[in-house]
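Protein chains in written order, with my numbering: chain S, 90 to 655; chain P, 547 to 905; chain V, 19 to 386. Even for Gly, the Cβ is constructed at its ideal location relative to N, Cα and C. None of these values were measured; they are calculated from a predicted model. Here the structure comes first, spelled out in structure tokens, and everything after it is commentary.
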Amino acid sequence: MNGTVKNGGSSFGVAQIILFISIAILVIVVAFPVLLIFFNAVWVEDHFEFANALKVLWEEEEIFQALINSLIIAGGTTVGSTIVGTFFAWLVTRTDLPYKSFMKSMFLVPFMLPSFIGALAWKMLLSPNAGFINRFFIENFGFDGPIFNIYTYYGISAVEVMYLFPFVFIQVCGALERMDPTLEESARISGAGLFTITRKITIPLVLPSILSGALLIMLYSMAHFGTVAVLGIENGIYNIPTLIYERIHQSGGSFASIRTGTILATVLVISAALIIWAQRKILGSGHYQIIGGKSFRPMELKLRGLRWPLLIFCFLYIGFTIILPTVVIFLVGGLSTYGLPFTPENLSLDNYKFILFEYQVTKDAIFNSVWLGFVAAIITMFAGVMISYVIVKMKVRGKGILEFLGMLPFSVPGSVIALGVILAWSGQFGINLYNTVWIILVAYIARYMAFSLKANSAALEQVHDSLVEAARSCGATMWQSLRDIVIPLVRPGMFAAFFLIFLPALRELTVSIMLYAPTTRTIGVAIYTLNEDGETVISAALAGIALILIVVGQTIINKMTKKAGE
Amino acid sequence: MASNSEYVRLVNVTKRFGDVTAVDNLSYNIGKGECFSMLGPSGCGKTTTLRMVAGFEDLSEGEVWVGDNLLSSPKKNHYLPPEKRNFGMVFQAFAVWPHLSVYENVAFPLRIRNIDPAEIDRRTTDALRATNLLKVKDGSPDFLSGGGKQRVALARALAINPDVMLLDEPLSSLDPHLREEMRFEIKDLQQKYGFSIIYVTHDQSEAMALSDRILVMKLGVVQQIDTPLNIYNHPANKFVFSFIGLSNFLQVGNDNGHAAIAGGSTIPKHWAIPDELKGEGVLSLASRPSEIDFVSADEPEAIKGVVTRKAYLGEIIDYQLKMGDQLMRIQKGRRDPGPEVGETAAVKLLRPFWYREND
Amino acid sequence: MDFIHVEGVSKAYADHHVLNELTLDIHKGECFTLLGPSGCGKTVLLRLIAGFEVPDQGKLYIDETLVSDPGEHINVPPENRAIGVVFQDYAVWPHMTVFDNIAYPLKIAKCPKDEIEKRVMEMVDLVAMRGLEKRFPSELSGGQQQRVALARALVAKPNLLLLDEPIANLDANLREEMRFEIKELQRKLGVTVLYVTHDQEIGLAISDRVAIMNNEGVIQQIGTPYEIFEKPVNPFVFSFMGIANFLNVRMENGQYLAGTGSQAVPWEKPENPAGVVDWVAGFRPSDVRISRTPEAGKSLKGIIRRANFLGAMMDYLVEIDGTTLRTNLETHRAISENLLFEAGDECYISFLDLHWFEAEKLKGAILE
């Protein structure tokens, strides 16, 4: 025994400092901007005006319509995605469909594809007059109008379904794979056939997972900018995020438009909070313990005669929703002028060379996105580790505040964050970052904090307290045990957090579109604005480059996580 | 016509997974109302066998019959799916459905069969009463303890009044004290309803306490089928001996009937080595720690060793003796006198068994 | 002063008082077991001694050094207490090899490299892990991981080894093997051991002294395993230490009659009966002899309600005039002495030992 007697309060000081820094980060980055939005929504001149805020929502035709549109599109998207996702999940886990594991990985591909690029592709394919498919039918089969108009609620929802259904798919697959097969076997031995079991046992048991995935989609779709911006505005269909953008963009930041924006943003935050509350309730209390003991291969439903037709259906689905739009993007990106037929003499790599090496706007955009993504990912990763550590591991008074603040990033949609940082960082509080790349960085950190918190707290939960206590009893101080035990063990979680942020940041649109200045365009902004400006082929070529970047990045992660798993 | 003593029949049942033979040419009959256990370490093929009887696994070869009905026969290309077999089955992980109430769990097999609602209610209530679940029938089984959930599973299996009940380690997930209680409950239910039981377990005392007959299995091959008492009195081989309780094995060199513990005492002449083993050069002398007495040193039947460990465990005192270079464990009651550590002790094996060394 | 001296220590979590002014001494070099039902606060005491938790009040000394005294704001952090700890969940570090796990305390202490190598390999040999030192914990069984944890806790030659249910996660055979190994290690190294468990058999098997704690975190009895088992001071200790039978007895006209019948219990009457009418006779299965023939004045007549063959043991449930008891008997003796009963058979029970408890005081004092 070396007998050193220390004051019991000394390590408390360190804990308090870490807690304070963590709280400060979340307050500055998330809580303060959101509070500013609430405040601006109800503060008129020098007093609170709750009724007036509601009046704006009810009485201004365009705003009310945007609310309704958000509901219609999110509702349609949610219902469609849930059906598609559950059906495919059931198909690849519970039936004898051929090439199941390949099919499963194909259904996850839309996860990494940005939906607004998909929307661009579908616009090229199915816009009422110029869409390739519509034109093909009009010219060859004598249709007197488009066979499908993508500029409608149906079109918008259908495109969102294509890119969002994996949220349900992955949740339901997981639940079905983890489910104790004896739950189904005991129904079978009770006399139930496979169809009855699916209806009465399997589906009800995975219902919480289905609903939770559905709510996630609803949350995402309500706050989604890209698809509606590309496909809706043309036909006058606005949802909440596109209307916020439109008002603020057009007015150049007038008080009235900011106020409308904050009111709409408040609606978004409240809906998001409600959705998250519902999701937690479903996952918490209603989530059945269906993970079981001995694992046997689960039963497979024999599809018999439907086996090959269903496989062909899956291939058609993938071909139609993934391959066709991707090919169109690359082909259009190769055209010298939009509208020419896809013949070899019209196609070249010139546009790609142009955007990569000559055109300043796109060169800036690529640089900005990579830089912003990288820096945001690094900062958010470290901040996330620290905050998660306090929440998961530390016993310190005042932790409750941090736990509450830690929930915020999950329930604040992108366009709300963008509006919030405009209010907070445009000079009213001494710092003006508006029109610089830094304001986008701050917004990215706020937007992706949730990802980092999720990945890092999951990793930290795995590090049982006794591992650290064992190190302490071996003679290690608190810092030594952090360095030697905790950090090495959460490193995979930190890597995961980095890539979970870096890749989505590369293709970010919702936040960047509200914050960009002429020299601070990101890839997403450049694709969107070029397309708006009629530079369709350049825009498509940049979209193609973005797709390549994303696929390469995703492949690297998959390789790395596989290696880490071994 | 199948007789009552041959109600469930497994005929030359074999199951292969790829190159691995999980169950090798297994045949046995189970009588009506009999409780038959399959006992063995994990991976011995007992669960696979049960799942073949249930219909969850195909047979590679052989046939399964119940009464006059053929259930599975790959040769005749005959396979009755599990839902048509009318068995009751209880699984290790309970497998009660959390989205249905206790009552609906139990009623499920009856509803599937489109029985008259009044009859469903009568039989469900009956099964719930038999398993002491009437009070909790409207709640979700999620709120029940492990024992409660397993009662729901039992009631559900009982509801259709099956002739055969398949139990797959039904007590392994329960606390030890509950395990014993449930054992008696299962036995009582069997007496009341008269079904046959096929019981799979790795716990020998569970099998001993419950069964009319036990099948001991190792690596897919049957080692012994007999009543619990016969298995205890005459374990067929070294594996069965070691699997059904604490055991000592001493390696014994044998030179034409003159046997000696390797590096230790000579074996007394009248511990008769069975005739068929007399020619073996090395034998294994098996004994149970509780079936060894300390005796005085001049006792002619004694073998000797030095006490290397003595542990007071309350009800029993646990000794370790070193004989030559081998160790032997002895357990005596707390009131029985015994030697101290370091002393040389003479012991007598009350029930010595002889086996081939590599049995 | 004893090697470990716990003086009036209290600890509460929110409103739940786990330990209340607890005082305890542990001698140098002994193997001391703290035995109690789960949730009784025994692990909290171990964590207080380790320094993972700070007491609300009281003083804690290790080897004459005051390590915790909240009154004086003294709290030596765990890394300065020179202890080894082994946890129930092993807590071996998954990102380090067996060697690196065991070497860690020496690295922290800045030992020279060749000495680390030598001492780690000594420990590897001591816990019989030679040849496995380059493996990662995920490649080891539960028992092997726990051996690594033991080696790691002992490599820095601590004065005190704290064991928190270290073998509760292992299967039955391994548990039995490990408890003897732990005892053997303690003997070889002469380290003082505090062992916390709810398993009375382990407590009896490895300890020099045992302390029994009840559900409220109050120590009921401290003594050698023999004293605790044979001379329990109260019904809690008696029932906690093994299978206990409680036969209802009522006093009628100076007679102590079993159950609802008229057979007198053949044992000395309780001391100081003081007019109590309802009694309970407590005894263990091994305190009972069962027979087919009566022994005048020394046995009670009963009926076998359930005969349960468990392999090496026969287990009987016997009813005596409306009250039941359980006893067991080695199968080979049952066979050779014609004591293989069946349900419904008549039998006679005599006692080798018996403890009287007042029925009123027994309620709530024993574990159900």
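Identity of the residues DSSP links to residue i by a beta bridge
i             : result
residue 31/V  : 34/V
residue 737/P : Note: residue 737/P sits in no beta bridge, so no partner.
residue 309/V : 366/V
residue 43/V  : 23/V
residue 892/P : 841/P and 850/P
Nearest candidate by alpha-carbon position, reference residue i, set the options
i             : options                       : result
residue 50/V  : 107/V, 225/V and 218/V        : 225/V
residue 82/S  : 612/S, 425/S and 442/S        : It is not possible to answer for residue 82/S, since the shown part of chain S is limited to 90 through 655.
residue 82/V  : 252/V, 21/V and 287/V         : 21/V
residue 281/S : 775/P, 845/P and 651/P        : 651/P
residue 101/V : 316/S, 585/S and 562/S        : 562/S
residue 43/S  : 171/S, 427/S, 117/S and 110/S : Here chain S covers residues 90 to 655 and nothing more, so residue 43/S does not appear.
residue 117/V : 93/V, 196/V, 143/V and 187/V  : 143/V
residue 360/V : 318/V, 323/V and 136/V        : 323/V
residue 413/S : 256/S, 208/S, 433/S and 191/S : 208/S
residue 529/P : 827/P, 817/P, 813/P and 814/P : What is shown of chain P runs 547 to 905, which leaves residue 529/P out entirely.
residue 262/V : 325/V, 340/V, 345/V and 186/V : 345/V
residue 421/S : 143/S, 174/S, 220/S and 641/S : 220/S
residue 161/S : 298/S, 329/S, 460/S and 191/S : 329/S
residue 905/P : 725/P, 734/P, 556/P and 782/P : 782/P
residue 193/V : 329/V, 177/V, 217/V and 179/V : 217/V
residue 350/V : 343/V, 294/V and 332/V        : 332/V
residue 792/P : 70/V, 150/V, 92/V and 328/V   : 328/V
Length of the line joining the Cα atoms of residue i and residue j
i             : j             : result
residue 699/P : residue 262/S : 27 angstroms
residue 299/V : residue 272/V : 16 angstroms
residue 79/V  : residue 85/V  : 6 angstroms
residue 169/V : residue 304/S : 51 angstroms
residue 865/P : residue 184/V : 23 angstroms
residue 644/P : residue 296/S : 12 angstroms
residue 376/V : residue 237/V : 21 angstroms
residue 89/V  : residue 58/V  : 25 angstroms
residue 124/S : residue 599/S : 20 angstroms
residue 392/V : residue 152/V : This structure cannot settle anything about residue 392/V, because the visible part of chain V is limited to 19 through 386.
residue 649/P : residue 736/P : 21 angstroms
residue 357/S : residue 503/S : 10 angstroms
residue 770/P : residue 363/V : 31 angstroms
residue 574/S : residue 721/P : 35 angstroms
residue 161/V : residue 207/V : 21 angstroms
residue 768/P : residue 727/P : 30 angstroms
residue 527/S : residue 606/S : 11 angstroms
residue 581/S : residue 93/V  : 35 angstroms
Neighbourhood of residue i by C-beta, 6 angstroms cutoff - its chain only, sequence neighbours within 5 removed
i             : result
residue 436/S : 423
residue 382/S : Caution applies to residue 382/S, whose pLDDT of 43 falls short of 50 and renders its modelled position unreliable; the value that the coordinates give is listed next. The answer is none, since no qualifying residue turns up.
residue 809/P : 870 and 871
Cβ neighbours of residue i in the same chain (closer than 7 angstroms, five flanking residues each side left out)
i             : result
residue 355/S : 126, 127 and 130
residue 747/P : 583, 585, 715 and 753
Contacts around residue i, its chain only, beta-carbon distance under 8 angstroms, and the 5 residues preceding and following it disregarded
i             : result
residue 886/P : 853 and 856
residue 166/V : 108, 110, 116, 119, 120, 145, 147, 155 and 158
Problem - Segment contact flag, the segment 791–798 of chain P with the segment 828–840 of chain P, C-beta cutoff 8 angstroms, min 3 pairs - result: yes
Exercise for the section: Taking 8 angstroms as the threshold, find out whether the segment 708–725 of chain P comes into contact with the segment 294–310 of chain V through three or more Cβ pairs. Expected result: no
Problem - Contact the segment 625–641 of chain P vs the segment 712–722 of chain P: 3+ CB pairs below 8 angstroms - result: yes
Practice task
Check whether the segment 667–681 of chain P touches the segment 275–292 of chain S, counting contact only when three or more Cβ pairs, one atom from each stretch, lie closer than 8 angstroms.
Solution key: no
Practice task
Indicate whether the contact test is met: 3 or more Cβ pairs, each with one atom in the segment 503–516 of chain S and one in the segment 541–555 of chain S, closer than 8 angstroms.
Solution key: no
Practice task
Answer yes if the segment 184–201 of chain V comes into contact with the segment 215–234 of chain V, meaning at least three C-beta pairs across the two stretches below 8 angstroms, and no otherwise.
Solution key: yes
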